[in-house]
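Numbered according to the UniProt record's numbering, the sequence shown spans residues 1 to 193.
C-beta atoms are modelled at their ideal positions from N, C-alpha and C, and glycine is treated no differently.
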Amino acid sequence: MTKEKIILAALRLFLLRGYKSVSLMDVAHEAGITKGGIYHYFSSKDELLHIALQFLFDRFEARYADMLNGKKPLKAILYSLFVDHTPENYIKELLGAEGECKLDYADFAITAMRKFPDMQQRIEHSYLTICSDLAKQIDTAMGNGEVKGGFDSFALAANILALSNGQNSLGSHFRSPAVRQKMLESLLMMITP
């Protein structure tokens, strides 16, 4: 449990303050242990970041897989992505980040890819998997009339993911519940019969 506690503390700080701004002493304080306790599990801050990234991606992928498992109709999935922000809220819950906090995913991802080029492949693989799973849901929805026919399901899935991810980077106005709901309604007007 202590290793996971260190990983979660590190992720929380890296996402809130940026990797460069966080020391191992900060992580130790956040985790409620000594700096030596961190060295019991990790040889360096870079190793902690690499393992923390793997931990985060494992959980993020599992959350998407659960959401896209074929048990929910497409509209419910889109509601989870756009209005509920299910994946983002899960990460905040996992990290114990409370209230309206700004998690800087972009800076975190850029730092990770600079330090660990293999992470770019992991990120691309994750998005391809998520996009493929969402495309299957779209195919099912087209087949049962929930969505207009004739779409390239993979391209539509990529558009949906880009729109959902872009919503986070546009600023706080675009993250308000009312705007998120309007974005979903506009998307549904374009794709549903």
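| Check | Outcome |
| --- | --- |
| Pick from Ala155, Ser186 and Gly18 that is closest to alanine 109, judged by C-alpha positions | Gly18 |
| Of the listed residues Leu15, Glu4 and Glu88, nearest to histidine 40 (C-alpha basis) | Glu4 |
| Serine 176 classed as buried or exposed, judged by whether at least 16 other C-beta atoms fall within 10 angstroms | exposed |
| Segment contact, 8 angstroms Cβ cut-off, at least three pairs: the segment 52-64 with the segment 74-90 | yes |
| Beta carbon of leucine 170 nearer than 8 angstroms to that of tyrosine 79 | no |
| Where phenylalanine 55 sits in the DSSP three-state scheme | helix |
| For aspartate 66, three-class secondary structure by DSSP | helix |
| Residue range of the unbroken alpha helix (DSSP H) whose run includes lysine 182 | 177-191 |
| Identity of the residue in Gly32, Met25, Glu30 and His29 nearest serine 44 by Cα | Met25 |
| Assumed close pair alanine 141, leucine 187 - CB separation to whole angstroms, cut-off 8 angstroms | So it is not a contact: roughly 13 angstroms between Cβ atoms. |
| CB contact flag (glycine 96, arginine 12, <8 angstroms) | yes |
| Exposure label - leucine 128; buried when at least 16 CB within 10 Å | exposed |
| Proximity to glycine 32 [Cα-Cα], best of Leu53, Gly143, Ile7 and Asp46 | Ile7 |
| Neighbour-count burial assignment, serine 153, 16 or more Cβ in a 10 Å radius | buried |
| Span separating the alpha-carbon of isoleucine 38 from that of lysine 20 | 18 angstroms |
| Buried versus exposed, by CB contacts within 10 Å (16 or more), alanine 178 | exposed |
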